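**Q** Next up is a structure, given as structure tokens.
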Amino acid sequence: MFTKQKFSRRSCLKGISLGSGGLFFSPLLQKVEAAANGNVTPPKRFIFFLFSNGYQESGAIPVGWKRGADAIRQESLKGAKLPRDIAAFAPFQDRMTIVQGLQGRHCARGHAGHYSALSGVNSAAAHPPRAQTIDGALGRAFPGIFPMVGLGIAGGKPTQATYGTSAWGKGSPIAIQCRPELAYQSLFGSIGATGNDFLARKNLLDSISQDVRRLQSQIAGPEKELVEHHFGALEALSKRDGQMAQLQEAGTLRRKAPKLPAKPPRTMVDVTAAQCDVAAAALISGLTNVVTITSGVGSIFGTDYSGISPSPTHGIGHGTIDPKLEVPGLEVLRRYREHHSTQAAGLLKKLQETPEGKGTMLDNTVLVFTSDCAQTQHTKGDHWPFVLVGDLGGTLKTGQYVSYPMSEGGQDGKKIDEHVVTRTDNPAINALYCSLLHAAGAPRDAFNAGAVGAELCGPLGELVV
Amino acid sequence: MKRINVLQRGISFAWIAAAVTFAAEGRAADSAAERKAMHAVMKEKCFSCHGEKKQKGKLRLDTVSMTPQSATDLAVWRRVYEQIMDEEMPPEDEAQFSTAEREKTLAWLKATLEAHSDLNLTPSAGNYVDHEALFSGAPAGDPATPARVWRLAPQAYEAFMFRLNQELQLHVDQRAIMAPWAGSNYSTADRIDQAEIEAHLRICKLMLSRMMPLVKNNKFRVRSLHPVYKAGKAATAPQIRAAVKDTCQKILRQAPDATEMQEYSQLLTNDLKTYEPSRAIERFLTKVLFHPTVLYRVETPIAGSQRSIMPPRQLARAIAYSLTYSEPDEGLRKAVAAGKLSTKQDVRREVQRLVTATTPYGQDVKLTADQRAKLDALNREYWQIKTPEARKEANYQQKLGKILGKQAGRWIQLQRAGYRSTDGEHINLAALLRPRVMTFFQSYFGYRKSPFKCVVTVKELNVIPAGNPEWKSWWFANDTDRLVGWVLESDKEVLRTLLTTRKTFVIARYTGNARQGLKRHTGQIHEMQKWKHFQTALHHYEVSMTPEQWLLGKEEPVEMPKGRRMGILTHPSWLVSKSGNFDNDAIHRGKWIHENLLGGRVPDVPITVDAKLPDEPHNTLRERMRVTRAEQCIKCHNRMDALGLTFEQFDHFGRNRSAEIVVDKEKTAQMKKRGPDTPRIMTTKPFDTSGHVYYSGDKKLDGPVKDVFELIEKLAQSERVEQVFVRHVFRHFMGRNETLADGPTLVAAHKAYRENGGSFNALLVSLLTSDSFLYRNLPTSEP
């Protein structure tokens, strides 16, 4: 397991001076210095935590509360008891908003959400993404050295880098790294390296790009764009390595990087813990302001539940009884979500322990916790629960339960976990993402309106201050 | 700066999109004089900010061809049109167009975009090129493929790494050197991004970790690297040059050109001065492993030419990677070395060899008639033996040795490598020796892409016989693979046979490697599990077969009942690939036929449309598809629905049915009153298989059809369908869409196919020896 570390932003700056290689990196250091002194507004940070197989409604409402209502509900969470799925967020209850009643009928998929979940546009994994996802949008608006870090949980699978949930825009997927040790390498350099890995790699990439540059002059047709893209990728990696080299020289990465276990984690529970540690370190070191952690990378087949249950994920989602645990599948899913929320809460705690400005890093962060396929496998998208933790520097209303009009209903004539049904004129999940953009200071009138009207995709007054 | 309102802009953009999407036939005849005049206007108004000295907005216009040569050029002119139309350009503080200039410029741009819309070369846009114009035989320019790169397929990348692993004796676990990307069939489709570069770097690092100890100990196959390692900073220029040459030849299988020699030598020399020798050599080897040919097919005209046949090395790779996922075989390499791969005749010789090969290069076994007869007798005797123990006692190999003499060793090697089954040649040669041919049929028909079939729907429809725990779509996809291979082996009327045959294999033995197939099946007769798979398949196909027929003797296809199946479009694999989890997908079945057999076009679903059928499990699919009859939908849906609904006699598991199973709404509602968890009550409704062919482009095809059999018969007899098939073959093996200049290539290819009795080999040879395949060009300069 990763070693949990405590550190302050101020302590990270010890040994770094603007003169010792910091010049290249000075905007970030200056920002951090100033933030430590309370002089500058710290960056806003966003964590998206997706899990597969749906988010059953009973796991997203305080214990004993009734679901469904004809009108919008906004109630305080003070004193409420959180369900097991998200009980780990209890220490942050005053910064939490539970949102029920958003709909995703226009972008729901069968067994998995793929790009739909974070874009609000119907997209299947077999095809390139059809629109920008919210993490891509925020990554562009608030870039760090890494505009966005995508970390996948593919328990029991050999998956390394893959695509499936996040996109810069139409046809431009963002890679999700499912192996924590490889994510570590990308972010913090090789383990046990004695030299400055990043600078050496930067020099090598510069040399390699000469071949590609020569190729550019030889290519005529549409593939010229591919070569330019390749060259651009090499340049971007080289530039990033240059910036990382500065951090490496200053010892920042060494201090902030988590300690990797001797054997790379493989079970779902261990990979989740490792990726959350990597995410925390990436945020605290300022390498990025946007992290997406996606369990299953947008699909129920993208991960198993090793460490909790050996049963196939598909059957679990249908409620099949786990023969080893002797509990129904939906109980296994509850434990799966419980594990994720516990790890996410650990990540938030690290941010809370890191002073920034007059408070902590958590003050300027929001975590979005939801499933990539609404409330259940085989979803029609008629209800999509969300949990938000963090008020993003006071720009989001928190400590509340918000519910848009819903009625009790069933699916195919069966009640599945007291399934509720939203009205067709309820806000879409796009509206929640638009609200985040507004709260972050990068407002849009609507987020990816198209399949549903713009009026269902605009910012929500119940969420934004 | 004036701005037109959003509506006007939207309309103008939509107009452009429509004009580009539904292109007119042929090209507009804009004259050289018109282009020259337009160039002069652009020079005056645009090039000062978007030319050689300045590229504002990172846009340079003076180098973009006035006659668009590519989709990139087209995109640039489209953007220019929008900017001028919106009065965004020229900027307010710069010289403006006069009214006449603006009108003339917009008119020219509009005509150019229309005339060159066939350059919209995204894979889904291939059918936009006018079919009649293509097959008219009228010349439309010199056919060639633009100079390009094409990212290697993952199989090709892995084959390269496995080859290095083996030849250099690195002993790397092959699972660690899997390609960091998936594949596609279009050269424009796949890019190398940061994630891919990082993954390739990791693989290089792994390979280097095995190479460097060998270099240090002078055991590395690139012998000349050890002296450089030993010498370090003191390495001489000749030593370094020798190391560079040797490394490139061993790793890349090509000598470095002058620029590469200089660059690599320079890198190694400088690094030896900066780093420890092992680090310097690692960096050099990494650079070699990042050579563009490791990641791409690189295809350009001969240096200094505007248009020429590819240079021999590139040509060898293009031929090899068109048919296989391997680097050029020994035969191609020998031809290049001997200077015998530069003319069309040379190419024809090599392509013919590869297309008809039954063994890898140089491994042929030639049998006399007597040897053949004795081998057949031995095999017949061998296949009567039922148990593995008895087979071992029969001492097959000793008897084989006596019959084949000196060739026995090679014969056994071929069997072990999977190119021969024990009883001869009853294997899927296409899959083994020409895998890209198999890939073509798999991607063309799409039968390997199956949606996940949920256990709920499997149980509800009693898909599997009692006691069998599972149903898998890939069983049937494997059978279709084997059928395709079998049809290709005979190479007669390939398309027509695939569309109309009632033959099928049942849980086929030899879908790929013969040895693996044999091993799997000889054990299976004793395993009840696999026997149950076989029973499920028999049930699906409605054929009967004994286990002995299934496992022993020559593998032959069986015939499905007449009136129940016809061709690949009624195979379970194809039907399942165009279905959902709970029902048929008549729309996509129809879309496939419209696009892949009729050469038609169906625009993408508009993003504003929520394209879902109503959730009405009590209605038939045809009843639920009433929503596509709406006025705003019907024009596109008529091209699809009326074709796809003819398949309604099959369910979404690809089984024949006598009626469509739907929910009995009333009885289910009554049951629900007793308790919410009671199951649904099902009933049946009759299905309707009538359909219609609209907008085929062939009057003989258009019109009503009563069922799928009548539809398929018409399609199989149609010359247009054959021509559309040829177009798709072209796209797969060229890695791009056809342009009007490729018309003569397509005409010749179809002629070769038809005149050789529907021979796919003849079609391939024609395409791979055409100018469209052989020639690469660079754009001409303005105007």
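Those protein sequence lines, which keep their order, are chains A and B.
Take the first sequence: its letter number 10 is residue 711 in the working numbering, and every next letter is one higher.
Take the second sequence: its letter number 85 is residue 171 in the working numbering, and every next letter is one higher.
Built from N, CA and C at the ideal position, the CB exists for glycine as well.
The structure displayed is predicted, hence computed values, not measured ones.
R496(B) to R502(B), Cα distance in whole Å?
**A** If I take the Cα positions, the gap works out to 10 Å.
**Q** Reducing DSSP to helix, strand and coil, say where F620(B) ends up.
**A** Reduced to three states, the DSSP call for F620(B) is helix.
**Q** Just checking my contact of E349(B) with Q919(A) at CB under 8 Å: how many whole Å lie between their CB atoms?
**A** Actually they do not touch by this definition, with Cβ atoms about 15 Å apart.
**Q** Taking the C-alpha atoms as reference points, what is the distance between V1033(A) and T1055(A)?
**A** Roughly 34 Å separates the two Cα atoms.
**Q** Cβ closer than 8 Å: which chain D residues qualify as neighbours of P266(B)?
**A** Any reference to chain D falls outside this structure, whose protein chains are A and B.
**Q** Would you say P240(B) faces chain A, with C-beta separation under 8 Å as the test?
**A** For P240(B), the answer is no, since every Cβ of chain A falls outside 8 Å of its Cβ.
**Q** Is there at least one non-hydrogen atom of the ligand SAH closer than 7 Å to the beta-carbon of V523(B)?
**A** In the structure shown, the ligand SAH is absent, as is every other ligand, since no ligand is present at all.
**Q** Should D276(B) be labelled buried (16 or more other beta-carbon atoms within 10 Å of its own) or exposed?
**A** Counting Cβ neighbours within 10 Å, D276(B) comes out buried, since at least 16 surround it.
**Q** Is the separation between the beta-carbon of A1129(A) and that of V1103(A) shorter than 8 Å?
**A** Taking 8 Å as the Cβ cut-off, A1129(A) and V1103(A) do not qualify as a contacting pair.
**Q** Extract the residue ranges of the alpha helix (DSSP H) inside the stretch 955-1018 of chain A, only unbroken runs of 4 or more that lie entirely within it.
**A** Those alpha helix (DSSP H) runs which fall completely within the stretch 955-1018 of chain A and span 4+ residues are 969-985 and 1014-1018.
**Q** Pick out whichever of T953(A), A1045(A) and A1140(A) has its Cα sitting closest to the Cα of K978(A).
**A** Looking at the sequence itself, residue 978(A) is Asp, so the reference to Lys does not match. Closest option to D978(A), Cα to Cα, is A1045(A).
**Q** Under a Cβ-count criterion, where at least 16 other Cβ atoms within 10 Å of its own Cβ denotes burial, should Y407(B) be classed as buried or exposed?
**A** Classification for Y407(B): buried.
**Q** Using a Cβ-Cβ cut-off of less than 9 Å, give me the residues of the stretch 340-352 of chain B that come near chain A, in sequence order.
**A** Listed by position along the chain: T345, E346 and E349.
**Q** Which whole runs of the alpha helix (DSSP H) in the stretch 856-896 of chain A are 4 residues long or more, in chain order?
**A** Counting whole runs of 4 or more residues, the stretch 856-896 of chain A contains the alpha helix (DSSP H) stretches 881-889.
**Q** Would you kindly report the start and end of the unbroken alpha helix (DSSP H) that includes S630(B)?
**A** Here S630(B) belongs to no alpha helix (DSSP H), and DSSP marks it neither H nor E.
**Q** Could you tell me whether any Cβ in chain B is nearer than 8 Å to the Cβ of H815(A)?
**A** Closer than 8 Å: no.
**Q** Just the Cα atoms here: how many angstroms apart are P647(B) and G933(A)?
**A** Going from the Cα of P647(B) to the Cα of G933(A) covers about 58 Å.
**Q** For T153(B), name the three-state secondary structure that DSSP assigns.
**A** If DSSP states are grouped into helix, strand and coil, T153(B) belongs with coil.
**Q** Decide yes or no for the touch test of the stretch 747-757 of chain A against the stretch 986-999 of chain A: beta carbon pairs closer than 8 Å, at least 3 of them.
**A** Cβ pair count under 8 Å is three or more, so yes.
**Q** Spell out a yes or no on whether the stretch 876-888 of chain A and the stretch 968-977 of chain A are touching, meaning 3 or more CB-CB pairs, one atom from each, closer than 8 Å.
**A** Yes, they touch.
**Q** Residues of chain A with a CB under 7 Å from the CB of S428(B): which are they?
**A** Correct list: empty, because the minimum Cβ distance to chain A is about 19 Å.
**Q** Measuring CA to CA, which of R1038(A), Q886(A), F790(A) and P763(A) is closest to G752(A)?
**A** Just to set this straight, residue 752(A) is Phe in the shown sequence, not Gly. Closest by alpha carbon: R1038(A).
**Q** Taking only beta-carbon positions, decide if H377(B) is within less than 8 Å of chain A.
**A** Closer than 8 Å to some Cβ of chain A, the Cβ of H377(B) qualifies, so yes.
**Q** How would you label W636(B), buried or exposed, when you count the other beta carbons within 10 angstroms and need 16 or more for buried?
**A** Classification for W636(B): buried.
**Q** Residues of chain A with CB under 8 Å from V235(B), in chain order?
**A** Within chain A, the residues near V235(B) are L916, I920, E924, L927 and V928.
**Q** What does a CB cutoff of less than 6 Å around G1151(A) pick up in its chain, not counting 5 residues either side in sequence?
**A** Same-chain partners within the cutoff: there are none.
**Q** Closer than 8 Å, CB to CB, is K858(A) near chain B or not?
**A** Taking Cβ atoms only, chain B never reaches closer than 8 Å to K858(A), which makes this a no.
**Q** Comparing the C-beta of R1145(A) with each C-beta of chain B, is any distance below 8 Å?
**A** By this cut-off, R1145(A) is not an interface position.
**Q** Counting Cβ pairs closer than 8 Å, one from the stretch 900-909 of chain A and one from the stretch 936-947 of chain A, do we hit at least three?
**A** Touching, per the Cβ criterion.
**Q** Does I747(B) come out as helix, strand or coil in the three-state DSSP assignment?
**A** Here I747(B) sits in strand by DSSP.
**Q** Taking any Cβ of chain A, which residues in the stretch 384-405 of chain B have a Cβ under 8 Å from it, in chain order?
**A** Those would be V384 and T386, in chain order.
**Q** Once the 5 residues before and after S310(B) are set aside, which same chain residues still bring their CB inside 6 Å of it?
**A** Result list for S310(B): A328, A329 and D332, in chain order.
**Q** For G933(A), report the span of its alpha helix (DSSP H) as first-last.
**A** Segment E924 to A951, the alpha helix (DSSP H) holding G933(A).
**Q** Going by the beta-carbon positions, is the gap between Q801(A) and P1160(A) smaller than 8 Å?
**A** Cβ atoms of Q801(A) and P1160(A): not closer than 8 Å.
**Q** Nearest by alpha-carbon distance to M768(B): which of S776(B), K792(B), N705(B) and E173(B) is it?
**A** When only C-alpha atoms are compared, the closest one is N705(B).
**Q** Closest to Q169(B) by C-alpha separation, out of G137(B), T198(B), E709(B) and C132(B), would be which residue?
**A** Selected option, being the one with the closest Cα: C132(B).
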